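Take a look at the structure set out below.
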Amino acid sequence: MIDVLVAGGGPAGLATAVHAALAGMEAVVVEPRARPVDKACGEGVMPGGVAALAAMGVEVEGREFRGIHYLDGRREARAVFSAAPGLGVRRTHLHSALARRAAELGVRTVTGKITRVEQDRDGVAAAGLRARWLVAADGLHSPLRRSLGLGLPPRGPRRYGQRRHYRIEPWTDFVEVHWSSAGEAYVTPVSGDLIGVAILSSVRRGYDEHLRGFPGLSRRLRGPAVTVVRGAGPLRQAVRARRAGRVLLVGDAAGYVDALTGEGVSLAVRSAEVLVRCLAEDRPEDYDGAWLRLSRTHRLLTGALVQAARRPGTARLVVPAARRLPGLFTSIVRILA
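Here this note's numbering is used: the first residue of the sequence shown is -6, the next is one more, and so on.
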């Protein structure tokens, strides 16, 4: 019998499979798409995520960044990471690196899609396979989460993300966050001649129309756009629990607040490690609480910033507050890193 069957071969699913293999467990990944898969993503991996990838033996190329830079057209504030840098990396490169590491460790990948699960006290059956545990890593709008009744109705305004790349030499070694009353634009250096620009907003409109709301940034984007616009959302996904019997949720499927603080990849990789540890030590009932503890700071701080961003009156105060309280701003960034 397979130890861990993983539904979804994205970064969260592959990280789970790698951790399972490192723990001496047999892992099989079920994924319908050919790799690598490109999706809307800010592509900035915080220092904690970079360290977690290295500990897994995952080698990925990218562009280092030293911290976070907030701007609103008139004011700005910077926070530098305390020690190690973050890494801007194309999602496709990260996906390929995780897939290579999984293959090195003997993880098998099966082409298919898991939409239905049968489970009993000893294991689960899905996609013609039987395993002791099934990990649902099937994304933001996880069909498995929905089929198991683990999702909760969304609350508050819905936010969406769009991303495109420009062939231009990065002008900074920070991730820039440009604030406006209608949303935020994130500029992430991902190589020596490529940047990614992601826009988050609760306002539904096209990418170019959003970009015009950031005139200072628009003037810098003289290089050609080299990828299509990719979108994602609604971003917030509430979950009542992250385990149903022998099925556990990881990555975006396990619940998502917002991309505003850029911790999606880091949290997915670290929560995959926590999940596998709970299974290896035969205490799956501890996973939900462990996930909540791991993500508590992220959820609280990201939730507070989203609340500020959703109202024009408070959104315009974020950068001035960060500028007037640089110590607090730096402390928050370093906690999230």
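The C-beta atom is built at its ideal place from N, Cα and C for all residues, glycine as well.
Small disclaimer: the values here were computed from a predicted structure and weren't measured.
Residues that DSSP places opposite E24 in a beta bridge: T104
query: Per DSSP, which one or two residues make a beta bridge with I192?
result: Q155 and A178
query: How many Å lie between T254 and I61 at the Cα?
result: 10 Å
task: Report the rounded CA-to-CA distance for Y200 versus D113, giving the unit in angstroms.
output: 47 Å
- prompt: Do you know offhand how far G6's Cα is from G41's?
  reply: Using only the alpha carbons, I get a separation of about 19 Å.
field: For G127, the residue or residues it bridges with in DSSP
entry: Inspection of the sequence shows that residue 127 is occupied by Leu rather than by Gly. Paired residues: L(-2) and V240.
- prompt: For I61, does the three-state DSSP call read helix, strand or coil?
  reply: I61 falls in the strand class under three-state DSSP.
message: According to DSSP, simplified to helix, strand and coil, what is H171?
response: strand
query: What residue does the alpha helix (DSSP H) around V262 start on, and which one ends it?
result: G257 to A273
task: Can you tell me the Cβ-Cβ gap for Q335 and A33, rounded? I've got them flagged as a contact below 8 Å.
output: One cannot answer for residue 335 here, as it falls past the ends of the chain, which runs -6 to 330.
message: With H, G and I counted as helix, E and B as strand and the rest as coil, what does DSSP make of L287?
response: Look at L287 here: in three-state DSSP terms it is helix.
query: Does the distance from the CB of A237 to the CB of L210 come in under 7 Å?
result: no
task: Whole angstroms is fine: what's the gap from S184's alpha carbon to E202's?
output: 26 Å
- request: Quick one: using the 10 Å Cβ neighbour count with 16 as the cut-off for buried, is W172 buried or exposed?
  value: buried
- request: Could you tell me which of L298, R213 and L310 sits nearest to P163, measuring between CA atoms?
  value: With distances taken between Cα atoms, P163 lies closest to R213.
task: Classify G282 as helix, strand or coil using the three-state DSSP reduction.
output: helix
- prompt: Is the Cβ-Cβ distance between P29 and S89 less than 7 Å?
  reply: yes
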